[in-house]
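Going by the working numbering, the sequence shown opens with residue 63, and the numbers climb by one from there. Heads up, the thing below is written out as structure tokens.
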Amino acid sequence: MTATSTQASFTGSIPENYDTYLGPLLFEFSAADMARRVSDALGRTAKVLEVACGTGISTRHLANTLPDGTEIVATDLNEAMLAHAANVNGEFPGVTYEQADALDLPFDDTSFDAVVCQFGIMFFPDKAKGMSEMTRVLKPGGVLALNVWDSFDRNLAVGIVDRVIKGFFVSDPPRFLEVPFSLYNIEDGRRLFNDAGYKAVDVTRVAETVETADHNDPARGFVTGNPTIIEIEQRATVSADEIVAAAAEALEKEFGPAPAKLEFQEIVYLAHKPGN
């Protein structure tokens, strides 16, 4: 992740909570979809850079989907997330992990056949610079694939938890969850690609229904599996457990008793760098 202040603070217990509670709910289906798209677009063994790999869910799907002999360099700004990814994923042939700032990638020009960024660009403080850097290290004709979340309206469970969190604070509520769900305007996404020199951009909305066995799991994930928990603890006016309980109750009211089905939607962008 590349961000400022609490947005980059995926430290302490956050990586484990992120992976445990949000991974199965939000990221597994998306990572599988992204890996298939990248594999189809490449059609061969390649050298792939992953930017903002987080806890390595997308890395794992890429490694399991792309052809044998593929090299994957998985990077993240946050060393705690990167260490968790390497520990959980273990050894994958051709996969290496490296700390890197997405706005200043430590790689030579035209080094990679594909660059993949799953749910990372929303956190970039300078998105145009991030696009420029990912494009710089990509070979002409190479694949740039990234995805973002659609709006709270299309990811209702997250929007519900966000409202519950904010409801505990008279002023200055935690606002972190707004960030990953902020880049849902497709025209804004296309503009990022066009301004970086891409002419043809494939854009697809991907929806998935995921079952949760316990509403406490998504509630705890959205409260403690990201820097929201830091904002809550900094304010010190209510406990995280109290917010989790209220969020779980609100989810049950909306979706019924668990096991319950929650709907999520993302937007996937894929383009080839102009050139040979």
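Just so you know, even glycine gets a beta-carbon here, dropped at the ideal spot from N, CA and C. Bear in mind the structure is a predicted one, so any value in this text is a computation, not a measurement.
Proximity below 8 Å, CB of A275 to CB of I291: Contact: no.
Simplified DSSP assignment, three categories, for E328: Shown here, E328 sits in a strand according to DSSP, grouped into three states.
Residue range of the beta strand (DSSP E) that includes K335: Looking at the DSSP string, K335 is not in any beta strand (DSSP E), and its letter there is neither H nor E.
Status (buried if at least 16 other CB within 10 Å, exposed otherwise) for A310: Classification for A310: buried.
Simplified DSSP assignment, three categories, for P202: Taken through DSSP and simplified to helix, strand or coil, P202 comes out as strand.
Whole-number beta carbon distance between G182 and A114, since they are thought to touch under 8 Å: Their Cβ separation, rounded to whole angstroms, is 3 Å, which keeps A114 and G182 in contact under 8 Å.
Contacting residues, own chain, Cβ-Cβ under 6 Å from N79 (five flanking each side not counted): Contacts found: T286, G287.
Backbone secondary structure at T107 - three-state DSSP: In the displayed model, T107 falls within coil according to three-state DSSP, outside both helix and strand.
Pairwise C-alpha distance: E249 and Y331: Cα to Cα, the separation comes out at about 11 Å.
Assigned exposure category for R122 - 16 Cβ within 10 Å defines buried: R122 is buried by the Cβ-count criterion.
Residues that I134 bridges to, as DSSP identifies them: Per DSSP, V110, V157.
Buried/exposed call for K189, threshold 16 Cβ in 10 Å: A residue is called buried when at least 16 other Cβ atoms come within 10 angstroms of its Cβ; K189 meets this threshold and is buried.
Cut-off 6 Å between Cβ atoms - residues of its own chain near T66, not counting five sequence neighbours on either side: Below a pLDDT of 50, predicted positions are generally treated as unreliable, and T66, at 41, falls in that range; the measurement from the model is reported next regardless. Non-local C-beta neighbours of T66 in its own chain, meaning closer than 6 Å and more than five positions away in sequence, comprise P187, ordered along the chain.
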